[in-house]
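For what it's worth, the numbering used here labels the leading residue of the first sequence as 292, then goes sequentially. For each residue, glycine too, the CB sits at the ideal point set by N, CA and C. Accompanying notes for the structure given below.
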Amino acid sequence: MLDPKYVVAHAEAVKQNCVNRNVGADVVADVDAIVALDSDRKAIQTQVEEIRRRQNEVAQATGKEKDPGKRSELVAEGKRLKEEVVAVDERLRTLEVEMKQRLSQLPNLTHPDAPTGQTEDANKVIKTWGTPRVFDFPTKDHVELGKALDIIDFEGGGKVSGQGFYFLKNDGALLDLALQQYAIHRLVKEGFRPVITPDLARNSILEGIGFQPRGPETQVYSVENTDLSLIGTAEITLGGLHADEVLEAEQLPLKYAGLSHCFRTEAGAGGRASKGLYRVHQFTKVEMFAYTEGTLEASGAMHQDLLRIEEEIFQGLGLPYQVLDICSGDLGGPAYRKFDIEAWMPGRGEAGEYGEVTSTSDCTDFQARRLNIRYKPAGQKGTKFVHTLNGTAVALSRALLAVLENYQEADGTVLVPEVLRPFMGKDRITRI
RNA sequence: GGAGAGGUGGCUGAGUGGUCGAAAGCGACGGUUUGCUAAACCGUUGUACGUGUCACAGCGUACCGGGGGUUCGAAUCCCCCCCUCUCCGCCA
């Protein structure tokens with residue numbers, strides 16, 4: 292959520308931002324509505340407070356008044372005021388709800404250096420690392436490898452849970468665990484606190500992070516007869532962890548390495564053909580989440596750091612990748628800036644393509660405002676909203692996919708990347 | 001899932017209808033004293049919004065787990081929900 296004061300004071304800039312963000316004309320119109328609503332709201336709030344002030348005055352006077360006649364006069368006035376405040380207060384609340392509702396439609400502001408554009412075509416490649424391997428034998432994609440090596444079972448997943456689910460078996464299970472271990476160990480060295488989070492969260496937390504728990508657009512599964520949803524990412528639980536808290540400035544930055552399962556309905560993604568592990572309903576992910584002081588300098592620096600760590604993780608795995616600076620229209624609601632890493636996937640497309648494996652976002656105070664996460668800046672009075680950032684360390688499924696396809700050998704086995712061997716206990720994946 | 005107890009300011013803890021944004025203690029901060037440290041003493045010590053100011057101050061409103069209700073008036077009474085603790089049941 293944006294700061295309502297900022298929206299009112301910079302309505303034109305906010306509108307332009309909405310256009311750049313590719314959000315629909317009705318949302319742009321919301322900005323004007325918010326400006327109008329806000330001045331009404333202020334006027335009515337003043338009225339309500341004035342009545343309340345008089346109510347308090349009367350109530351106190353009533354308590355002190357000994358004379359029965361005067362006392363009943365005061366009681367009568369109190370009753371009158373009570374009736375009076377009801378209607379005005381209800382109007383105030385209506386306005387507040389409407390304002391909040393419209394405010395919550397607005398996307399975050401955008402980093403001035405982020406490319407401006409409406410679709411993902413405007414995303415900019417800002418770095419390429421490594422060279423895709425040239426194979427001197429016909430390659431398989433990870434689905435074929437998974438089947439041949441008996442390490443990924445889509446048929447079993449389909450039978451038990453439906454399309455988009457799978458079993459990881461044998462060395463596939465070990466490889467998944469090894470990648471988790473590798474990422475967590477790496478992050479602990481970087482000063483992150485390792486955390487295993489709940490896989491379900493309250494809908495209010497989902498909303499605070501910027502997810503829509505309900506409706507046709509929803510990306511998450513909700514649990515019937517509860518206000519819980521299966522999380523789409525540990526960003527939800529790690530961001531919610533400090534909801535409604537005031538942190539001490541010395542605690543910041545606060546860095547978590549969260550391990551969770553992630554569940555996604557992938558509603559609306561049906562048309563986008565993607566086989567195998569690339570788009571699934573459940574996967575495991577090691578997620579970085581950071582809280583910083585509420586300045587663009589602090590979160591901007593942290594954002595670069597998260598990207599650096601993501602890159603080093605993939606460099607460590609020896610997987611070629613490119614880094615994308617995501618354009619305004621493709622940023623999603625909460626992000627102020629976002630970088631994606633796309634790793635080389637030999638089995639994708641005709642002769643291999645880069646495919647998204649991580650994503651890191653600087654959400655500035657957008658999530659913190661809705662989740663009410665603040666801190667006390669040193670040497671200042673009052674509190675400020677923190678900035679929140681998230682980044683994928685390793686999303687299993689996709690990282691697993693990339694390892695299998697890049698490390699396959701002519702004999703159908705798969706070499707285990709050096710860094711994973713201590714966790715795998717072997718250097719080659721073979722059919723058991 | 002069942003039975004009971006409880007949720008008050010940074011912490012401990014008082015407060016069962018009015019003078020309570022809330023006693024007291026601790027902690028923290030500022031000051032006095034002191035060769036230094038300690039102790040002692042004095043003072044300050046929540047947040048948000050509004051109003052006001054160059055900026056303070058001041059003033060107003062709200063907040064005693066969350067929401068609703070009773071009342072002229074609620075931390076205090078009633079209802080619902082959430083959470084914590086104890087015991088029982090069940091269970092990895």
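If you follow the alpha helix (DSSP H) that residue i is in, where does it begin and where does it stop?
| i | result |
| --- | --- |
| N308 | 302–311 |
| V685 | Counting along the chain, V685 falls outside any alpha helix (DSSP H), though it belongs to the beta strand (DSSP E) covering 678–686. |
| Q472 | 462–480 |
| V366 | 359–394 |
| I496 | 494–500 |
| M715 | 712–715 |
| G447 | 445–451 |
| L543 | Counting along the chain, L543 falls outside any alpha helix (DSSP H), and DSSP gives it neither H nor E. |
| L662 | 657–662 |
Can you tell me which of the three DSSP states residue i falls into?
| i | result |
| --- | --- |
| I604 | helix |
| T530 | A small correction: the amino acid at residue 530 is Gly; Thr does not occupy that position in the sequence shown. Helix. |
| H433 | helix |
| F554 | strand |
| D321 | helix |
| L610 | coil |
| T721 | coil |
| E588 | helix |
| A690 | helix |
| T583 | strand |
| Y569 | helix |
| E647 | strand |
| Y698 | coil |
| G523 | coil |
| G315 | coil |
| A642 | coil |
| E518 | At residue 518 the sequence reads Asp, which differs from the Glu that was named. Three-state DSSP puts D518 in coil, outside helix and strand. |
| L706 | strand |
| A548 | strand |
| D621 | helix |
| T674 | coil |
| D404 | coil |
| V299 | helix |
| D441 | coil |
| L491 | strand |
| E508 | coil |
| V425 | coil |
On the criterion of 16 or more Cβ atoms from any shown chain inside 10 Å, does residue i qualify as buried, or is it exposed?
| i | result |
| --- | --- |
| E381 | exposed |
| F330 | Checking the displayed sequence, the identity of residue 330 turns out to be Ser instead of Phe. By the 10 Å Cβ count, S330 comes out exposed. |
| F428 | exposed |
| P295 | buried |
| P740 | This structure cannot settle anything about residue 740, because the visible part of the chain is limited to 292 through 723. |
| D358 | exposed |
| T419 | exposed |
| K576 | buried |
| N263 | Any answer about residue 263 is impossible in this case: the structure gives the chain only from 292 up to 723. |
| Y627 | buried |
| R393 | buried |
| E633 | buried |
| I723 | exposed |
| G562 | For G562, the predicted model reports a pLDDT of 49, less than 50, meaning its position is unreliable; a value from the coordinates is still stated below. So G562 ends up on the exposed side. |
| D718 | exposed |
| G482 | exposed |
| S619 | buried |
Under DSSP, the beta strand (DSSP E) around residue i begins and ends at which residues?
| i | result |
| --- | --- |
| F630 | 628–636 |
| R665 | 665–667 |
| L538 | 537–539 |
| R484 | 484–487 |
| K418 | 415–420 |
Hey, residue i and residue j are a contact pair by Cβ (cut 8 Å); roughly how many whole angstroms apart?
| i | j | result |
| --- | --- | --- |
| K667 | E539 | 6 Å |
| G501 | P625 | 4 Å |
| V318 | L397 | 7 Å |
| D653 | K415 | So it is not a contact: roughly 16 Å between Cβ atoms. |
| E584 | T651 | Their Cβ separation, rounded to whole angstroms, is 18 Å, which puts E584 and T651 out of contact at 8 Å. |
| A548 | V486 | 7 Å |
| L436 | L695 | 5 Å |
| L568 | S452 | With 8 Å as the limit, L568 and S452 do not qualify as a contact, their Cβ atoms being about 14 Å apart. |
| G463 | I442 | 3 Å |
| T649 | G682 | 7 Å |
| A469 | L711 | 4 Å |
| C553 | T524 | 5 Å |
> For the region 443–459 against the region 657–668, are there 3 or more C-beta pairs whose distance is under 8 Å?
Replying inline: no
> For the region 337–346 against the region 369–378, are there 3 or more C-beta pairs whose distance is under 8 Å?
Replying inline: yes
> Would the region 466–478 and the region 632–641 be scored as touching if the rule is three or more Cβ pairs under 8 Å?
Replying inline: no
>> Check whether the region 486–497 and the region 525–540 touch, using three or more Cβ-Cβ pairs below 8 Å as the test.
In response: yes
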